[in-house]
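Each remark here refers to the structure printed beneath this line.
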Amino acid sequence: MTALAEMIERRELLTNLTLRELRGKFKRTALGWAWSMLNPLSQIAIYSLVFSFFLGGIPEVGNPSGLNNFTLWLTCGLLTWNFTNSGLQATIPSLLGNSNLVKKVYFPREFIAASSVLSWLVTFLIELIVLCFFFLFFGQVVFQWIPLVVIFVAMQTLFVLGLALMFSALNVYFRDVQHFVGIFMQMWFYLTPIVYRTAYADEKIHSAIGRTIYGLNPMLRFVDAYRDLLYSQRVPPLATWLGCLGVSIVSLLVGWAVFSRLEPRFAEEL
Amino acid sequence: MTDITEVAMNSAPASITNKVQTNRGIGSNAAPVIVVEHVRKKFRLYHERNNSLKAALMRRRVAKFEDFWAIDDVSFDIRPGETFGIIGENGSGKSTMLKCIARILRPDHGSITTKGKISALLELGAGFHPELSGRENVYLNGSILGLSKRELDAKFDEIVDFAGLSTFIDQPVKNYSSGMYVRLGFSIAINVDPDILLVDEVLAVGDENFQRRCAEKFAELQNNGKTIVLVSHAMGQVRALCDRLAWMNHGKLEMVGPAKEVIDNYLGDVHVERFRRGPGAEVRWGTGEVNIDAIELLVGNDPTPVLTVRQGDQVTIRIRYSVPGAPVARPVFGFAIYRSDGVHVTGVNYREHGMVPEELSGVGSYDFVVDHWPVFTGTFDLSAAAQNINYTQTYDWWQNAVRFETAPGAFVEAEGVLILPGEWKHQVSKR
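Sequences listed follow chains Z and H, in order.
So the first sequence is residues 1435 to 1704, counted in this note's numbering.
So the second sequence is residues 179 to 609, counted in this note's numbering.
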């Protein structure tokens, strides 16, 4: 617990490291911060084209919102996924990237991973705000759902942070981790109902055990939660709440435990 | 690095070093601020490093390694307000010790307890982001070193002034010269205002002017009662700055005590061991009509050659020669002394003293006697030569034949190369 107290005392450093990540991200690019918007926008355009136009994907119909718009429906899932994906993949090599700091200055090492995750959280939050205005453009006022969205964002952040702590620490010892996770993320993307409906997966999987296993995917819960709140405009079912809460707590505890276990020898192993 | 540091510290104004030695009251009874207890730290020396999962799985174990004890059962206390040095040769574990105190490394056994805010100057500008401006990096680096935004706001101008970078502060640091980079790093680190400052051989930074300001800042920290732990193998620096020293040797603690005592023992040990084998810089050439058989340093009436002399000693430089063949007409012997950093201290031959013999044969020696050795502390190389009267022929030239050490003697410590053999007089023109 002294470690936690120290982190709280030095929270200002966490802010500054996060700002460093954010400032460094688009330095020396002509478009600067516009890239943080252009990337997801182009991704949404491409995915809409491919999965809706060419492959004939259909969105869920929002209940009670009545929305039937593939792009909006896709975006809710895609932005959620992007936060987990970028937060994790950018953070895993972060200890290696900051090895000069780890070897020369003392400060809570968790901050390196956390600042990277937080910098992607900031990106995610900006994207969510832009998304709210998208909904407004399509005649949907979703601002009243923001408090609940924030709770899910907080839970997802803890979930990503836990995974990032664990894998970034492991990556110090085994540099394969980052490549392995890269492949795993591709698979995870298609195992999560982002470009297809959850119902579609349930139709395709015939055994009850298979459906249960499919439903264990924590990202499925988060994607459902944001779609419920923003697209359908309803409170997510209790199972979603509990699932997200449970998975975020477990992820953080396990991730932090692994990190703390491996942390003492970082300076030597890097 | 060492040599530069030594020069730099030696050239610091005498007033600074004197202040350091006189103005500080160190509470010898006060509770220590750093307690190192039976610390052991092992490193793994990997024979085949598995940085990949595949390698680890294939071999069904993590990796082959051998344990190496970088620190082996070391204990000492550091008291508040003192400047404590850790000395030792390369690989003695002194930097590892400092990193353990800084909490960058964690000991495998034993404990280190510290009281107060610690700042470590291990690498200057660690954590600078090349794309960010100097200003942004001051805030970032300061924050990494433990300063709050408010403290940084208050100190910002001082930091920038001290680094001498006012005009460049909004440029990205990747455009800085390495000197500017390090100066900014030093300036931030020194302004952290810690209770305990850990320093690892980083004082050799910047130009002479910056060096002097560093020395002043250092003295100021000492005067303000800050505890400083310094790792160095620049004996001049250590002697000038430290109150007490720990001498580490192959991971073990050899000795802890007052600086002077430890340095004397350290130099005695290290130099006897190393220099008897002959220094690597030794170069010798000549036609061989006259041979220099040995060059010896003698103190007082003791006939045993030494390698450490003290300021103020009566020192004899003895050149032993032999002429193997026919007598040689009018040979000239001489010697030169260089400090290890290349400063030419003196060159003496006896032609100017009117001692040149008409003819020399057989075996013998020439002595040059100095009543009060006037050279300041440091490491020196002694060369000797035998040439003909016009210096057109070299019989034997022995470059860097002897490396010796000058240790402080009864003289008051000051800085420079030579102790001028003069005295002070005082005239009052008006009362």
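Yeah, the Cβ is synthetic: ideal placement off N, Cα and C, and Gly gets one too.
Problem - Start and end residues, alpha helix (DSSP H) containing residue 1613 of chain Z - result: Looking up residue 1613 of chain Z in the first sequence gives position 179. Taken as a continuous stretch (DSSP letters only), the alpha helix (DSSP H) holding residue 1613 of chain Z covers 1610 to 1625.
Handout entry: Cutoff 7 Å; reference residue 532 of chain H; Cβ partners in own chain excluding five residues on either side
Key = Looking up residue 532 of chain H in the second sequence gives position 354. Taken in chain order, the list of residues that qualify is empty.
Problem - Below-8 Å beta-carbon distance, residue 404 of chain H vs any chain Z residue - result: Translated into positions along the second sequence, residue 404 of chain H becomes position 226. Not an interface residue.
Practice task
Using three-state DSSP, classify residue 311 of chain H as helix, strand or coil.
Solution key: The residue labelled residue 311 of chain H in the question sits at position 133 within the second sequence. The answer is strand: DSSP assigns residue 311 of chain H an E or B state.
Exercise for the section: Please work out which residues of its chain come closer than 6 Å, Cβ to Cβ, to residue 254 of chain H, disregarding the five sequence neighbours upstream and downstream, and give them in chain order. Expected result: Start at 1 with the first residue of the second sequence, and residue 254 of chain H comes out as number 76. Excluding residues within five positions, the ones whose Cβ falls inside 6 Å are 214, 424, 434.
Exercise for the section: Please state if the CB of residue 511 of chain H and the CB of residue 564 of chain H are separated by a distance shorter than 8 Å. Expected result: Translated into positions along the second sequence, residue 564 of chain H becomes position 386. Translated into positions along the second sequence, residue 511 of chain H becomes position 333. In this structure, residue 511 of chain H lies closer than 8 Å to residue 564 of chain H by Cβ.
Problem - Cβ shell of residue 368 of chain H (< 7 Å), same chain only, five flanking positions each side left out - result: Position 190 of the second sequence, counted from the first residue, corresponds to residue 368 of chain H. Around residue 368 of chain H: 395.
Handout entry: Closest Cα partner of residue 1611 of chain Z within the set Z:1639, Z:1550, Z:1524, Z:1549
Key = The residue you call residue 1611 of chain Z lines up with position 177 of the first sequence. Comparing Cα-Cα distances from residue 1611 of chain Z to each of Z:1639, Z:1550, Z:1524, Z:1549, the minimum goes to Z:1524.
Practice task
Mark residue 491 of chain H as exposed unless 16 or more other C-beta atoms lie within 10 angstroms of its C-beta, in which case mark it buried.
Solution key: Here residue 491 of chain H refers to the residue found at position 313 when the second sequence is read from its first residue. Under this definition residue 491 of chain H is a buried residue.
Practice task
Look at the Cβ atom of residue 408 of chain H, then the Cβ atom of residue 399 of chain H, and state whether they are nearer than 8 Å.
Solution key: Start at 1 with the first residue of the second sequence, and residue 408 of chain H comes out as number 230. Start at 1 with the first residue of the second sequence, and residue 399 of chain H comes out as number 221. Against a cut-off of 8 Å, the Cβ pair of residue 399 of chain H and residue 408 of chain H comes out as no contact.
Handout entry: Span of the beta strand (DSSP E), counted from its first residue to its last, around residue 422 of chain H
Key = By one-based count along the second sequence, residue 422 of chain H stands at place 244. Its beta strand (DSSP E) spans residues 422 to 427.
Handout entry: Limits of the unbroken beta strand (DSSP E) element including residue 474 of chain H
Key = Position 296 of the second sequence holds residue 474 of chain H. Run containing residue 474 of chain H: 469 to 477, per the beta strand (DSSP E) assignment.
Practice task
Have a look at residue 212 of chain H and residue 1475 of chain Z and give me their C-alpha separation to the nearest angstrom.
Solution key: The residue labelled residue 212 of chain H in the question sits at position 34 within the second sequence. The residue labelled residue 1475 of chain Z in the question sits at position 41 within the first sequence. If I take the Cα positions, the gap works out to 56 Å.
Handout entry: Local Cβ density within 10 Å of residue 431 of chain H, reported as buried at 16 or more and exposed below that
Key = Counting from one through the second sequence, the residue named residue 431 of chain H turns up at place 253. Residue 431 of chain H should be labelled buried.
Handout entry: Residues near residue 1546 of chain Z by beta carbon distance below 8 Å, same chain, minus five either side
Key = Indexing the first sequence from 1 puts residue 1546 of chain Z at position 112. So the list reads 1451, 1528, 1529, 1532, 1535, 1536, 1602, once near-sequence residues are dropped.
Practice task
Kindly list the residues whose CB is nearer than 6 Å to the CB of residue 488 of chain H, restricted to its own chain and excluding five residues on each side of it in sequence; keep chain order.
Solution key: For the purposes of this step, residue 488 of chain H is identified with residue 310 of the second sequence, where counting begins at 1. Excluding positions up to five away in sequence, the list reads 585, 587.
Handout entry: Residue ranges of each beta strand (DSSP E) within the stretch 277 to 322 of chain H, 3 or longer
Key = 287 to 292, 296 to 299
Exercise for the section: Using beta-carbon positions only, say whether residue 324 of chain H and residue 352 of chain H come within less than 8 Å of one another. Expected result: Sequence index remark: in the second sequence, residue 324 of chain H carries index 146 (1-based). Sequence index remark: in the second sequence, residue 352 of chain H carries index 174 (1-based). No, the Cβ-Cβ distance between residue 324 of chain H and residue 352 of chain H is not below 8 Å.
Problem - Euclidean distance between Cα positions of residue 141 of chain H and residue 518 of chain H - result: Only positions 179 to 609 of chain H appear in the structure, and residue 141 of chain H is not among them; the question remains open.
Handout entry: CA nearest to the CA of residue 548 of chain H, picked from H:494, H:526, H:513
Key = Locating residue 548 of chain H in the second sequence gives position 370, where the first residue counts as 1. When each option's Cα is compared against that of residue 548 of chain H, the closest is H:494.
Handout entry: Pairwise C-alpha distance: residue 598 of chain H and residue 275 of chain H
Key = In the second sequence, counting from the first residue as 1, residue 275 of chain H sits at position 97. In the second sequence, counting from the first residue as 1, residue 598 of chain H sits at position 420. If I take the Cα positions, the gap works out to 40 Å.
Exercise for the section: Just grab the DSSP bridge partners of residue 247 of chain H for me. Expected result: As a working note, residue 247 of chain H is residue 69 in the second sequence. Answer by DSSP bridge pairing, in chain order: H:220.
Practice task
Less than 8 Å between the CB atoms is what I'm expecting for residue 405 of chain H and residue 373 of chain H, so what's the real figure, rounded?
Solution key: By 1-based counting over the second sequence, the position of residue 405 of chain H is 227. By 1-based counting over the second sequence, the position of residue 373 of chain H is 195. Yes, they are in contact, since the Cβ atoms of residue 405 of chain H and residue 373 of chain H sit about 6 Å apart, within 8 Å.
Problem - residue 288 of chain H beta carbon less than 8 Å from that of residue 218 of chain H - result: Residue numbering aside, residue 218 of chain H sits at position 40 when the second sequence is read from its first letter. Residue numbering aside, residue 288 of chain H sits at position 110 when the second sequence is read from its first letter. With a cutoff of 8 Å on beta-carbon distance, residue 218 of chain H and residue 288 of chain H are scored as near each other.
Handout entry: Cα-Cα separation, residue 375 of chain H to residue 303 of chain H
Key = The sequence position of residue 375 of chain H within the second sequence is 197, counting from 1. The sequence position of residue 303 of chain H within the second sequence is 125, counting from 1. Distance between the alpha carbons of residue 375 of chain H and residue 303 of chain H is about 16 Å.
Problem - Every unbroken alpha helix (DSSP H) within the stretch 1487 to 1569 of chain Z, with a cutoff of 4 residues, ordered by chain - result: 1504 to 1525, 1528 to 1531, 1533 to 1538
Handout entry: Bounding residues of the beta strand (DSSP E) (the contiguous stretch that carries residue 577 of chain H)
Key = If you number the second sequence from 1, residue 577 of chain H lands on position 399. Note, residue 577 of chain H: beta strand (DSSP E), 572 to 585.
Exercise for the section: Would you list, in sequence order, the uninterrupted beta strand (DSSP E) runs of no fewer than 3 residues that lie entirely inside the stretch 464 to 530 of chain H? Expected result: 469 to 477, 486 to 488, 493 to 507, 510 to 517, 522 to 527
Problem - Secondary structure, beta strand (DSSP E): runs of 3+ residues fully inside the stretch 1634 to 1668 of chain Z - result: none
Problem - Proximity test, Cβ basis, 8 Å: residue 626 of chain H and chain Z - result: Since the first residue of chain H shown is 179 and the last is 609, residue 626 of chain H is not available in this structure.
Exercise for the section: Could you run through the stretch 1447 to 1458 of chain Z and flag, in chain order, every residue whose CB is less than 7 Å away from some CB of chain H? Expected result: Listed by position along the chain: 1447, 1450, 1454, 1457, 1458.
Problem - CB contact below 8 Å: residue 273 of chain H versus chain Z - result: Within the second sequence, numbered from 1, the residue matching residue 273 of chain H stands at position 95. No, because no Cβ of chain Z sits closer than 8 Å to the Cβ of residue 273 of chain H.
Exercise for the section: Look up residue 354 of chain H in the DSSP assignment and say whether it is helix, strand or coil. Expected result: Residue numbering aside, residue 354 of chain H sits at position 176 when the second sequence is read from its first letter. In this structure, residue 354 of chain H counts as coil in the three-state DSSP scheme.
Handout entry: Within 8 Å, strictly: CB atoms of residue 543 of chain H and residue 513 of chain H
Key = By one-based count along the second sequence, residue 543 of chain H stands at place 365. By one-based count along the second sequence, residue 513 of chain H stands at place 335. No; because the gap between Cβ atoms is not below 8 Å, this pair is not in contact.
Exercise for the section: Could you have a look at residue 462 of chain H and say whether DSSP puts it in helix, strand or coil? Expected result: Looking up residue 462 of chain H in the second sequence gives position 284. Strand, per DSSP.
Practice task
Spell out whether any CB of chain Z is found under 8 Å from the CB atom of residue 344 of chain H.
Solution key: Counting from one through the second sequence, the residue named residue 344 of chain H turns up at place 166. No - not a single Cβ of chain Z is within 8 Å of the one on residue 344 of chain H.
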